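S.K.: The structure's right below; bear with me while I get my questions together.
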Amino acid sequence: MSTRSSERGNQDVVEEKGDSASAGHEEGPSALSVLTPAVADRIRRHLLRWYDAHRRPLPWRGEQDPYRIWVAEVMLQQTRVETAVPYYRRWLERFPTLEDLAAASDEEVLKIWEGLGYYSRPLRLLQAARVVKESYGGELPRSLEELRRLPGVGPYTAGAVGSIAFGLPVAAVDGNVRRVLTRCFHPLSPGPRQIEALARALVDPRRPGDFNQALMEVGSTLCRPRAPFCTACPLSGACGARRGGGVPQAVSPAAARRVRKVEEVVLVAVWERAGGAAFLFRRRPARGLLGGLWEFPGAELGAGADPLSAAEAVLGALGLNGSASPFPLPPLAHAFTHRKVLYHPFLWRVLPGSEEIPARWVEEGRVEEELILPAAQKRILSLAREALVRGT
Ligand code: SF4
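Reminder that position 8 of the sequence shown reads as 32 in our numbering, one-by-one numbering, no gaps.
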């Protein structure tokens, strides 16, 4: 079971873990040529002995239920272990079996996942659970090929679930594994395909799940991107970087990604009714970034566009009447995996128009209860509440 820790939970991403690191890398001379059976055997023995003695006691360790193993694998992608643990427990309290999950709604799974980020993942888990229920009688399929055909299951997840849950002798290569193997086979600079081949050749056929988890555990706890703890590492005797005296620094996939910077205007429309204030929200499309979550209406700003004019356009498109001048809330920045967004929120007291609009009014005090908001929208909501309390 993986224990990686590379990204913050309030970001969103759609790729299978580790995919982005493979782009554009040149393959070097074959690292497989130096991996003799004796070397492979030594690596397995040292690694598994260390894992048996030092693995962290985590709630999914020793789990036998393939569904629960699968949930942990999906949850841990791009998420710190300490962040994932309470979510994992909550998820299993609410959806203890695959049947329970398959019967849930999008809103229910998003509510349990709320705050963990990467919101396409619980929705894909739900889709896949329904497929497993309908096509496999509620039991996860046991072959790599069938696992790969499930929604949201890429090579990493299939390898992890296949090896841990079903004992398939297959590799599971994530960023941690990639970093460990790159350093072990330094200075050969194995590219992504060679890393995959090395991981396949190394996996212990007798304990494939433990082997994969051990390699990830080394990457997560010892072979860290910066300042690896080589003196405690079970692979130090076989490690090319350690022998060569210079450990290559990892280039984090996050740093290597191209990040697009955008600005968006946000309309925090507030309707002060007799029964109390209400905010207007709209739902994001089911697919894509933050799919299915709710947000204040808004729009991306073109180059040089005036945020206030853009807010007026959003107001008009929704058929609302601004009853007074809008109040600009402090701009705030939020980083997603591939985007950095600078939001320009405007608090605007409005009267709803007569037409039906594709948005929903929610009482100010019931927003968190009724809707799932992304992290940045929650921050905007806080700013709006503070402004209302001040009587802005
Ligand atoms: S010896 Fe050091 S560089 Fe090599 S795998 Fe272990 S922690 Fe990483």
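Beta carbons: idealized from backbone N, C-alpha and C, even for Gly.
In this text the structure is predicted, and so the values were computed from the model without any measurement.
1) Locate the beta strand (DSSP E) running through H362, then write down its first and last residues.
2) Which residue marks the beginning of the alpha helix (DSSP H) containing F190, and which one marks its end?
3) Using the beta-carbon count (16 or more within 10 Å), is D65 buried or exposed?
4) Could you tell me if S406 is buried or exposed, where buried requires 16 or more neighbouring beta carbons within 10 angstroms of its beta carbon?
5) Is DSSP giving R284 helix, strand or coil here?
6) Measuring only between beta-carbons, confirm whether E410 sits less than 8 Å from chain D.
7) Less than 6 Å between C-beta atoms, sequence neighbours within five positions excluded: which residues of the same chain meet that for V242?
8) Could you check whether the Cβ of P214 sits closer than 7 Å to any heavy atom belonging to ligand 1?
9) Looking at the strands, I want to know which residues DSSP matches up with V292.
10) Name the DSSP beta bridge partners of R80, please?
11) Could you check whether the Cβ of P252 sits closer than 7 Å to any heavy atom belonging to ligand 1?
12) Excluding sequence positions up to five away, which residues of its chain have a Cβ less than 6 Å from the Cβ of A126?
13) At a cut-off of 7 Å, is V71 close to ligand 1 when judged by its beta-carbon and the heavy atoms of the ligand?
14) Between A223 and ligand 1, is there a pair consisting of the residue's CB and a ligand heavy atom that are separated by less than 7 Å?
15) Taking the Cβ atom as the reference point for each residue, do G389 and S144 lie within a distance shorter than 8 Å?
16) Take A196 and list the residues in its own chain whose beta-carbon comes closer than 7 Å to its own, dropping the five residues that flank it on each side.
17) Assuming I396 contacts V292 (C-beta within less than 8 Å), just tell me the rounded distance between them.
18) Just to confirm, is the Cβ distance from F466 to V391 under 8 Å?
19) Taking all protein chains shown into account, do 16 or more other C-beta atoms lie within 10 angstroms of the C-beta of L192, making it buried, or fewer, making it exposed?
20) Go ahead and label T60 buried or exposed: buried means 16 or more other beta carbons lie within 10 angstroms of its beta carbon, across all protein chains shown.
21) How many Å lie between D124 and E97 at the Cα?
22) For G340, does the count of other Cβ atoms within 10 angstroms reach 16, so buried, or fall short, so exposed?
23) Can you tell me whether DSSP reads I235 as helix, strand or coil?
M.R.: Answer, in terms of the structure:
1) Where H362 is concerned, there is no enclosing beta strand (DSSP E), given that its DSSP letter is neither H nor E.
2) 179 to 190
3) exposed
4) So S406 counts as exposed.
5) Reduced to three states, the DSSP call for R284 is strand.
6) No chain D appears in this structure, which consists of one protein chain only.
7) V204
8) no
9) DSSP lists L371 as partners of V292.
10) Answer is none; R80 lacks a bridge partner.
11) yes
12) A153, R154, K157
13) Reading off the sequence, residue 71 comes out as Leu, not Val. Not under cutoff, so the answer is no.
14) no
15) Going by C-beta atoms, G389 is not nearer than 8 Å to S144.
16) Y180, G183, A184, S187, N236
17) With 8 Å as the limit, I396 and V292 do not qualify as a contact, their Cβ atoms being about 18 Å apart.
18) Limits of the chain in this structure are 25 at one end and 416 at the other, which puts residue 466 out of reach.
19) buried
20) exposed
21) 18 Å
22) exposed
23) For clarity, residue 235 is Phe in the given sequence; the question names Ile instead. If DSSP states are grouped into helix, strand and coil, F235 belongs with the helices.
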